[in-house]
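Chemist: I have a structure I would like to understand better, so I am pasting it below and will then ask my questions one at a time.
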Amino acid sequence: MDFLAYFGDVFTPINFGLLLIGTVGGLLLGATPGLSPTMAVALLIPFTFKLEPAQGLILLGAAYTSTVAGGAVSAILLKIPGAPANIATTLDGHTMAKKGQGARALQLSFLASAVGGVFGVFLLIFLTPVLAQWALAFGPSHLFWLAILGVTVIGTLDSSSVVKGLLSGCIGLWLATVGFDDIMGAQRFIFHDAVSGGINVIPALIGLFAIPQVIGMFANGRRSLDAEILTVEPHPISKAFGEVFSRLRALSIGTITGSIIGLIPGVGGQIAGLVAYDQSKKMSPERDKFGTGHSEGVIAAESANNAMVGPSLVPLLTLSIPGSPTAAVLLGGLLIHGIFPGSDLFDNHPDVAWTFINSMLIGQILMCIFGLYVAGLAARVAQVPNAVMAAVVLGLAVFGSYSVQHSMGDVYVMAALGTGMYFLERFGFSAAPLVLGLILGPIAEANFVQGSMIANATSSIGSYFFTGPLNLALIAIVVASIGYSVWLELRQRRHTAKDEAVAKKEAIS
Amino acid sequence: MKNLIASAATALTALAGGAMADDNYPERPIMLMVSYGAGGATDFQARIVTMTAGNEDALGMPIAIINKPGAGGRVGWNWFAGQAESDGYTLGAYNIPHFIAQSIEGGVSYSADSFEPIANWGADPAVFVVAADSEFNSMNDVVDYAAANPGKLTFSGAGLFVGHHIAALQLEKAAGVKLAYIPNNQGGAGAMKAVIAGEVLGGVNNLSDAFRAREAGNVKILGVFDLERNDFLPDVPTLMEQGFDIDNSSVNFRGVMVPKGTPQPIIDKLAEVVPTMFANGRVASKMKAGGSPMHIMTRDEVIEMWMAREAALKELLAGL
């Protein structure tokens, strides 16, 4: 209960002011396409030079939590996921916004984020020592199987058929091999300087999601301009509360999946949202509604990606190992003030550690209040005429891709992938499995190579990858996941394949 | 005659231009390219050592950090050699031995000749770490195990053709044993995790990170790959003291450089001012707080160090 003793520190005028600045600023930065949570936190580090350690961390902690949630704003309203964490949010959230229910989607996403986020921080407060051991339990072979588990999700994710889902996943896996490989430094598919560092995930995300809809808007041209005068339905906040808590299944699946995946170093928040979305889809009796603006989709995705924030800091705070890029930036923020995170952090600097954690807790709630307040206003974006919208989205896409590493090459990559995706979408392929392949490819590959190097030196590849309780458990889940997808596909093939294809066609044209 | 006038005119403008650049430089903020991601050790240190650049007694203009990560630094250095403007407003951070080893290995469009060093700020030696509960207590224990089990001693490092890999090659050569070096795709942090989690028997890692991990009670540090003991770890012997003929070739030197073709007056001005900027008291205290060893070297010293390193690495990597 130590954390209660330091709660007062959060509410001193300066600290609370920093918390407010961090939260509101974080939401705005998070809502800007291309500014991932990692970038946002890195940008704030210089501002902490002149602050006390605890104050600096309040600013960084608040910014971290709210940029993750802020990414949902551009995902829902513009269909540009701010970071990989928000990919799953676009699937139902943007469909809702197009129906004029943007306010509802935003309110649901902020509430679900807050619930997931608070749960994640509580895990960090109460279970840190236990979780630290769990984080270390995942070696190369386990991470490899985990990535394969992610690949099995590809088939069922937002596609008109399993085959097309798998095909787009394969395109993603192929794109992931472009560039110097992570371990050996071999050059693969480098036909232009712009891709020598591989395909950066953020420009790829922006291109794959935003560009097809921009081209679509231009292609539709003026003819739809007059027809589509959208009324944005106001949505009372009390109703959103009721809805989030009546969707307990999605909320708990999202929160728990996010917490568990967030804990594993190296995999982190990138896939938490997608896996949670897929799991709640598979377990929902209304799974057909997913992808058509269903509230469970938004709730599962957003509760998962904020639930991962707390646990993702466990390896950093207890073992001094940053488990995610953002955690690495936070480590820099701690070191600058001469604070070494480690198992004795809570004994040596309890004021700093607990104030930081408490500020993330309060930050979640502030983020939710502020988010709910602006949701109604922000949703009006959907009323902007298509011609203007297309220009704005295109501008933001170019700006976002460029800002990641100040490279025009990333803009070309974004444009090329986006144009390709426009044609793929017309044939019923979708962007989400492709991006998942792009993210999981390097994780699966690097861990397989490392695992087999260790295996060759010590035992054999077979016993390294196929023995041990954790390996076997993960393999069992992989088999179950594939089996369930196949079963669903067989059962539903006759009824849905045709309907869905028609619906997709209508949605595109 | 015409030619003479023309060349005289060119010379004059060049002189004038040079003089002007010298007087007014820098007129706008300067950018420092770091070829590793935000939050890594190089990025973190670059942000600290450049924080006083805006002071009147330093450059008088702030330095902004631009990250161009990818492929162990190759992306950033390729960009710096090929596309960066040589106008003095684009600086780059170098990591020795990384970029020299990569240029010897091939497949990149830079070498030590593509860059002009300005000054060195830090030297982070590689150390050998094992988990806190490991049975190894000295480098001799490690080498004895490797001799008894050839090729079975697994140990992690940050990647191929970086300081850690060089240290691993030196250890193999000096001890005459075969080891299993496992490069990690997540840099020093990932390699350290592999050691703490027991995925590998040991690891080569950065002194600064190992120092923190030892403070946290997670690892033992068995040896320093440097010529002398380090101030942060006065109790840890060097490899040389433990009977292995290993010099400081793997020490990770970090500093500032500019692309070839940058006007000489600007290089001279930077070479004069930047080392004093690194020597600033505030910089030193922040670096010490972060556990990052400083080692300030002037341009002339760095030129010499680069040449020595290139020769040593060519010999070491020749057999690969």
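Chains as they are written, first to last, in the working numbering: chain G, 115 to 623; chain E, 51 to 370. Positions of the beta carbon are idealized from the N, C-alpha and C atoms, including for glycine.
Candidates G:A219, G:T209, G:I262 and G:W601: which alpha carbon is nearest I385 (chain G)'s?
Modeler: Within the first sequence, numbered from 1, the residue matching residue 385 (chain G) stands at position 271. Ranking G:A219, G:T209, G:I262 and G:W601 by Cα distance to I385 (chain G) puts G:I262 first.
Chemist: Alpha carbons only, please: which of E:G240, E:S184 and E:L219 is nearest the one belonging to L272 (chain E)?
Modeler: Taking the second sequence and counting its residues from 1, the one referred to as residue 272 (chain E) is at position 222. Nearest to L272 (chain E) by C-alpha distance, out of E:G240, E:S184 and E:L219, is E:S184.
Chemist: If contact is defined by three or more beta carbon pairs under 8 Å, each pair taking one atom from either stretch, is the stretch 491-507 of chain G in contact with the stretch 154-164 of chain G?
Modeler: no
Chemist: Nearest-angstrom Cα distance between V502 (chain G) and A333 (chain G)?
Modeler: For the purposes of this step, residue 502 (chain G) is taken as residue 388 along the first sequence, with counting starting at 1. For the purposes of this step, residue 333 (chain G) is taken as residue 219 along the first sequence, with counting starting at 1. Here the alpha carbon of V502 (chain G) sits roughly 14 Å from the alpha carbon of A333 (chain G).
Chemist: Could you tell me which of G:P399, G:N472 and G:V512 sits nearest to L171 (chain G), measuring between CA atoms?
Modeler: Along the first sequence, read from residue 1 onward, the residue named residue 171 (chain G) stands at position 57. Out of G:P399, G:N472 and G:V512, G:N472 has the C-alpha closest to the C-alpha of L171 (chain G).
Chemist: At the level of alpha carbons, what is the spacing between G184 (chain G) and F454 (chain G)?
Modeler: Locating residue 184 (chain G) in the first sequence gives position 70, counting from the first residue. Locating residue 454 (chain G) in the first sequence gives position 340, counting from the first residue. Each residue's alpha carbon lies about 30 Å from the other.
Chemist: Measuring only the C-alpha atoms, how far is N129 (chain G) from L245 (chain G)?
Modeler: Position 15 of the first sequence, counted from the first residue, corresponds to residue 129 (chain G). Position 131 of the first sequence, counted from the first residue, corresponds to residue 245 (chain G). Going by the C-alpha atoms only, they are around 29 Å apart.
Chemist: Leaving out five residues on either side along the sequence, give the residues of the same chain with a beta carbon under 7 Å from the beta carbon of R262 (chain E).
Modeler: Along the second sequence, one-based indexing puts residue 262 (chain E) at 212. Same-chain partners within the cutoff: G341.
Chemist: How far does the alpha helix (DSSP H) with V125 (chain E) in it reach, from first residue to last?
Modeler: Looking up residue 125 (chain E) in the second sequence gives position 75. For V125 (chain E), the uninterrupted alpha helix (DSSP H) run begins and ends at R124 to G132, by DSSP.
Chemist: Kindly indicate which residue of G:L174, G:G122 and G:Y120 has the alpha-carbon position closest to the one of T137 (chain G).
Modeler: Taking the first sequence and counting its residues from 1, one reaches residue 137 (chain G) at position 23. Taking only the C-alpha atoms, the option nearest T137 (chain G) is G:L174.
Chemist: Does any C-beta atom of chain E lie closer than 7 Å to the C-beta of L449 (chain G)?
Modeler: Sequence index remark: in the first sequence, residue 449 (chain G) carries index 335 (1-based). So yes, L449 (chain G) belongs to the interface.
Chemist: Beta-carbon within less than 6 Å of L209 (chain E)'s beta-carbon, same chain only, minus the 5 sequence neighbours each way: which residues are those?
Modeler: Sequence index remark: in the second sequence, residue 209 (chain E) carries index 159 (1-based). First, the amino acid is wrong: residue 209 (chain E) is Gly here, not Leu. Close CB contacts of G209 (chain E) within its chain, under the 6 Å cut and outside five residues either way in sequence, are with G122 and P233 (chain order).
Chemist: Excluding the 5 residues flanking L229 (chain E) on each side, which residues of the same chain have their C-beta closer than 6 Å to its C-beta?
Modeler: In the second sequence, counting from the first residue as 1, residue 229 (chain E) sits at position 179. If we look at L229 (chain E) and ignore the five residues flanking it on each side, its Cβ neighbours are A196, L203 and E222.
Chemist: Identify, in the order they occur along the chain, each residue of the same chain with its Cβ nearer than 7 Å to the Cβ of V352 (chain E), setting aside the five sequence neighbours on each side.
Modeler: Position 302 of the second sequence holds residue 352 (chain E). Result list for V352 (chain E): P167, A169, N170 and G305, in chain order.
Chemist: Go through its chain and collect everything with a Cβ distance to Y598 (chain G)'s Cβ below 8 Å, but skip five positions before and after it.
Modeler: Here residue 598 (chain G) refers to the residue found at position 484 of the first sequence. Here the set comprises K396.
Chemist: Could you name the residues that DSSP lists as bridge partners for R540 (chain G)?
Modeler: Numbered from its first residue, the first sequence carries residue 540 (chain G) at position 426. Answer by DSSP bridge pairing: none, since R540 (chain G) is not bridged.
Chemist: Closer than 9 Å by beta-carbon distance: list the chain G residues that pair up with V269 (chain E), in chain order.
Modeler: The residue you call residue 269 (chain E) lines up with position 219 of the second sequence. Those do not exist, as V269 (chain E) stays about 10 Å from chain G at its closest Cβ, beyond 9 Å.
Chemist: Could you give the distance in angstroms between the alpha-carbon of L219 (chain E) and the alpha-carbon of V180 (chain E)?
Modeler: Counting from 1 along the second sequence, the entry for residue 219 (chain E) is found at position 169. Counting from 1 along the second sequence, the entry for residue 180 (chain E) is found at position 130. L219 (chain E) and V180 (chain E): Cα-Cα distance of roughly 18 Å.
Chemist: Let me know the secondary structure DSSP gives I271 (chain E) once reduced to three states.
Modeler: By one-based count along the second sequence, residue 271 (chain E) stands at place 221. Here DSSP, grouped into helix, strand and coil, assigns I271 (chain E) to strand.
Chemist: Return the residues of the stretch 313-333 of chain G that lie within a Cβ-Cβ distance of less than 9 Å from chain E, sorted by chain order.
Modeler: N314
Chemist: Could you name the residues that DSSP lists as bridge partners for A176 (chain E)?
Modeler: For the purposes of this step, residue 176 (chain E) is taken as the residue at position 126 of the second sequence. A176 (chain E) is bridged to E:N256.
Chemist: Just the Cα atoms here: how many angstroms apart are V308 (chain E) and D318 (chain E)?
Modeler: Position 258 of the second sequence holds residue 308 (chain E). Position 268 of the second sequence holds residue 318 (chain E). Near 11 Å, if we compare the C-alpha coordinates of D318 (chain E) and V308 (chain E).
Chemist: Can you pull out the residues from the stretch 134-150 of chain E whose beta carbon lies closer than 7 Å to at least one beta carbon of chain G?
Modeler: none
Chemist: Give me, in chain order, the residues of the same chain whose beta-carbon lies closer than 8 Å to that of L427 (chain G); leave out the 5 immediate sequence neighbours on both sides.
Modeler: Position 313 of the first sequence holds residue 427 (chain G). Excluding residues within five positions, the ones whose Cβ falls inside 8 Å are L238, G437, A441 and L444.
Chemist: G312 (chain G) to G120 (chain E), Cα distance in whole Å?
Modeler: If you number the first sequence from 1, residue 312 (chain G) lands on position 198. If you number the second sequence from 1, residue 120 (chain E) lands on position 70. Computed Cα separation, rounded: 7 Å.
Chemist: So what's F454 (chain G) in DSSP terms, helix, strand or just coil?
Modeler: Translated into the one-based positions of the first sequence, residue 454 (chain G) becomes position 340. Reduced to three states, the DSSP call for F454 (chain G) is coil.
Chemist: Mind checking if K364 (chain E) is an interface residue toward chain G, Cβ cutoff 7 Å exclusive?
Modeler: Here residue 364 (chain E) corresponds to residue number 314 of the second sequence, with the count starting at 1. No, because no Cβ of chain G sits closer than 7 Å to the Cβ of K364 (chain E).
Chemist: Can you check whether the C-beta of V308 (chain E) is within less than 7 Å of a C-beta belonging to chain G?
Modeler: By 1-based counting over the second sequence, the position of residue 308 (chain E) is 258. Not one chain G Cβ lies under 7 Å of V308 (chain E).
Chemist: Please list, in chain order, the chain G residues whose beta carbon lies closer than 7 Å to that of E222 (chain E).
Modeler: Counted from its first residue, the second sequence places residue 222 (chain E) at position 172. Residues of chain G passing the Cβ test: none, with the nearest at roughly 13 Å.
Chemist: Less than 6 Å between C-beta atoms, sequence neighbours within five positions excluded: which residues of the same chain meet that for A134 (chain E)?
Modeler: Counted from its first residue, the second sequence places residue 134 (chain E) at position 84. So the list reads T140 and P309, once near-sequence residues are dropped.
Chemist: Assuming contact is defined by CB atoms lying nearer than 7 Å, are M535 (chain G) and L280 (chain G) in contact in what I supplied?
Modeler: Stepping through the first sequence from its first residue, residue 535 (chain G) is reached at position 421. Stepping through the first sequence from its first residue, residue 280 (chain G) is reached at position 166. For M535 (chain G) and L280 (chain G), no; Cβs fall outside 7 Å.
Chemist: Just grab the DSSP bridge partners of R205 (chain E) for me.
Modeler: Here residue 205 (chain E) refers to the residue found at position 155 of the second sequence. Looking at the sequence itself, residue 205 (chain E) is Phe, so the reference to Arg does not match. F205 (chain E) is bridged to E:Y231 and E:G252.
Chemist: Straight-line CA distance for S360 (chain G) to W127 (chain E)?
Modeler: Residue numbering aside, residue 360 (chain G) sits at position 246 when the first sequence is read from its first letter. Residue numbering aside, residue 127 (chain E) sits at position 77 when the second sequence is read from its first letter. Their backbone Cα atoms lie some 54 Å apart in a straight line.
Chemist: Does V125 (chain E) have its Cβ less than 7 Å from a Cβ in chain G?
Modeler: Locating residue 125 (chain E) in the second sequence gives position 75, where the first residue counts as 1. Yes, because at least one Cβ of chain G sits closer than 7 Å to the Cβ of V125 (chain E).
Chemist: Nearest-angstrom Cα distance between A341 (chain G) and L388 (chain G)?
Modeler: The sequence position of residue 341 (chain G) within the first sequence is 227, counting from 1. The sequence position of residue 388 (chain G) within the first sequence is 274, counting from 1. The predicted model places A341 (chain G) with a pLDDT of 44, which falls under 50 and marks its position as unreliable; any figure quoted below should be read in that light. Rounded to the nearest angstrom, the two C-alpha atoms are 34 Å apart.
Chemist: Taking L283 (chain E) and L257 (chain E) to be in contact with their CB atoms under 8 Å, please state how far apart those CB atoms are, rounded to whole angstroms.
Modeler: As a position in the second sequence, residue 283 (chain E) is number 233, starting the count at 1. As a position in the second sequence, residue 257 (chain E) is number 207, starting the count at 1. L283 (chain E) to L257 (chain E), Cβ: 7 Å. Contact.
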